[in-house]
Structure formats: C-alpha cells, structure tokens
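All remarks here apply to the structure that follows.
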Amino acid sequence: MADDNSAPETPHIPVLLGPLLKAVAPVEGVWADGTFGAGGYARGLIDAGAAKVIGIDQDPLAIDMAQGWIGDYAGRLQLVQDNFANLDKIAEAQTDGGLDGIVLDLGVSSMQLDLAERGFSFMRDGPLDMRMSQSGTSAADLVNDLEEAELADLIYLYGEERASRRIAKAIVREREEAPINNTARLAKIVEGCLPRSKPGQSHPATRTFQGLRIAVNDEYGALADGLMAAERALKPGGALAVVTFHSIEDRMVKRFFQLRSGTTGNANRYAPALEEEVPAFTQKTRKGIRADEDELKLNPRSRSAHLRVGFRTDAPSEDIDRAMLGMPGAKKAGREESNTNRGKRR
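In my numbering, the protein residues as written are 242 to 587.
Dropping the structure here:
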C-alpha cells in the first residue's frame, strides 16, 4: 500500500463487482457506497453510469486515502465519514428525494487487514485495536476487562467458535500475568487452546478475532440498522445490493429481504398465518449470487462472498425487530438470546 494519500499501486479488487453491476443495471442517478474502503465499488458505479456516488466510511483513513484521487471524478464522488447505519440521514442531507441505489460490502477491508497497527490481523503483530472508526472501546479493552463468561459468550456468539469457554479461560489466566495488548500474544493464546490447523484450514485464531472485531464495531447492530435505514433512503425502484462474507451476515440480509418482500412463507402449517404486508422490496432471485471460476482465480477473497439484491417498491418503510433478522444476542419476546446452553461448547 502506498504511504501517502494516493490510491494503492495494486488497487483493491471489489468482490462480485461485475455480477453486482449486471444485477442492478442500468446504473444511473445518485448512489451510496456505504462501505467505501478503497473506493472500488464507487469507481465501478461511476464508470457504469451513476451521476454521483456518496462514499460513506466510518474509518477516517479511508477518507484520507481517497483525497489523492477523488479529484479525477470531477465532483461525481462525495465522501462522508459516518456509519452506514445512518444512511437515511445522510441521504436526506445530501440528496433531493432519496437514493437510486445503495451498495454495502460488509466486514473488514483488506486495506485495514494490511495495516498491522490497526490490530485486525493475527498474521501481523500489532496493538490489539480493531476499531474501524478509530475511537471507542478497543479489542484490548474487551479482552482484558470482560468477565470470563461474557468473553466466552462474545467469542461464541460473534465468532461462532465452539471452543469459546476454553479460549476465554486461557485468556483470563494469561491476562492475570500481564495485560494482553497485542495481536501476536492473543493469537498464540488461542492457538494453544485448539488443535493445529491442517493445510487448507483457516488459522485457529480466525473465529476469535472475528468475534472480537464484530463486537468492537457492533457490526451486526450496524447491519440491522443499516438495512432499515437503506429502506428509508431508497427511492421507489432503487436497488439495494449487499455483499456478505460469512453465514450470520448472510442470514441477516437474506431474512431482511424475505421479511420485506413477503417471501418468508409459513414454516408451520398449524401456526397462524403471518399477516400479509405490502412488500417493500422485490427480488429477481432469492438465491445469493456467487463468484464464478474466473473471479475466484483473480480474487480468492470472493470464495466466501454472497451477493443479494432487492429493489425498493413504493410501500411505506417499517422497522424490524432485530431478533427477526436472526441477529445474535438480539432480544426476542422480552428475553435476551443466550447461548450458554445452546450447542456443544467446550
């Protein structure tokens, strides 16, 4: 990555950009790239015909790095440092009448992973940070301050790590000797709790680091709020395209489109029928779009990616209970979802 604010010499390759542009064609009007990063989707949208793209990112580094090349787009690209959970407010402030399309590429960007000082990667030693906005509670704060049971639940809920109890116990034991403030030390602690990974398998610390990152940045909460904000921000006919990289994100997005397009069905034929509502979205296909073999060869990161696309109708927008989206830890029927006795945790 370049040391100044110019674009990287080897630009970030946006995942599923081609299929996304094909699914939402024709691209026109005002769009928002809610997870701007290195700007790959924003550039693609402008090149495909968008009159203007509002690039949104909570990471000040993403905004700073774009300053070296944003002038190439002659006012067609506008940057806003904010969280995409506030899409509706941003659209209200920046447009007349809403957005013609929204793109969200979820998770951590390769730009963030490549910088050891951001603390996202267990492959590069650095401070245990993981804050996308570079403010607020850090991963080190959680690792060193949470009670053992809370830490175990966090790793299990957000990282889907079944050995979360064992890992939390080891973390608490190690932090009594000295605070855990860097990524290499945490990765080593987690590695000591799990079998050595076989060739082709992910690093043993992958799920623990994922869980901490999601918790630090409230990624699932932002996703739930962002999907509902997108519904409010889009014009009738506007497109919402979301790229996900793991099962919980994809489940939440899939469930959102099911609920808001009236395609949830009734899983139990003996249960009362769900009240029919006017759909707020339509979908050309209910299945997620995956990368083809050509893209997989060019960009291995696309292997786990799913793209889901919906088109806004003129139905009124509505909020959705987070628990109905399958969001981990969300309250349902007055109770907070607990995983203490769910599954087999070790």
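We put the CB at the ideal spot given by N, CA and C, even for glycine.
Would residue i be called buried (16 or more neighbouring beta carbons within 10 Å of its own) or exposed?
i: aspartate 533; result: exposed
i: glutamine 308; result: exposed
i: arginine 454; result: buried
i: arginine 414; result: exposed
i: asparagine 507; result: Residue placement at asparagine 507 cannot be trusted, given a pLDDT of 48 that sits under 50; the coordinates are not used to answer.
i: serine 443; result: exposed
i: serine 362; result: buried
i: arginine 437; result: exposed
i: glycine 275; result: buried
i: proline 599; result: No statement about residue 599 is possible, as the shown extent of the chain runs from 242 to 587 and does not include it.
Could you tell me which of the options sits nearest to residue i, measuring between CA atoms?
i: cysteine 434; options: Asp346, Ala404, Val494 and Phe498; result: Ala404
i: alanine 279; options: Lys263, Ala556, Ile304 and Arg527; result: Ile304
i: proline 255; options: Gly367, Gln375, Val483 and Phe498; result: Val483
i: serine 545; options: Pro445, Ile530 and Glu518; result: Ile530
i: glutamate 432; options: Leu566, Ile412, Arg416 and Ala419; result: Ile412
i: methionine 364; options: Leu475, Phe450, Leu258 and Phe277; result: Phe450
i: aspartate 562; options: Tyr461, Leu537, Gly478 and Asn385; result: Tyr461
i: glycine 338; options: Ala463, Gly551 and Gly270; result: Gly270
According to DSSP, is residue i helix, strand or coil?
i: isoleucine 421; result: coil
i: proline 255; result: coil
i: isoleucine 295; result: strand
i: glycine 570; result: coil
i: leucine 387; result: coil
i: arginine 414; result: helix
i: lysine 263; result: helix
i: proline 445; result: coil
i: glycine 478; result: strand
i: aspartate 337; result: coil
i: phenylalanine 486; result: coil
i: valine 431; result: helix
i: phenylalanine 325; result: helix
i: phenylalanine 361; result: coil
i: glutamine 451; result: helix
i: glycine 400; result: helix
i: isoleucine 561; result: coil
i: glycine 367; result: coil
i: leucine 464; result: helix
The beta strand (DSSP E) spanning residue i covers which residue range?
i: aspartate 274; result: 271–274
i: phenylalanine 552; result: 547–553
Taking Cβ to Cβ, would you say residue i is nearer than 8 Å to residue j?
i: alanine 381; j: asparagine 422; result: yes
i: valine 294; j: leucine 262; result: no
i: tryptophan 310; j: alanine 291; result: no
i: leucine 320; j: glycine 467; result: no
i: glycine 570; j: leucine 398; result: yes
i: alanine 332; j: leucine 340; result: yes
i: alanine 283; j: glycine 296; result: yes
i: methionine 373; j: glutamine 299; result: yes
i: glycine 452; j: leucine 500; result: no
i: leucine 427; j: arginine 553; result: no
Can you give me the start and stop residues for the alpha helix (DSSP H) that residue i sits inside?
i: arginine 284; result: 281–289
i: leucine 302; result: 301–307
i: leucine 537; result: 534–539
Against chain D, with Cβ distances strictly below 8 Å, would residue i count as a contact?
i: leucine 398; result: Of the protein chains in this structure there is only one, and it is not chain D.
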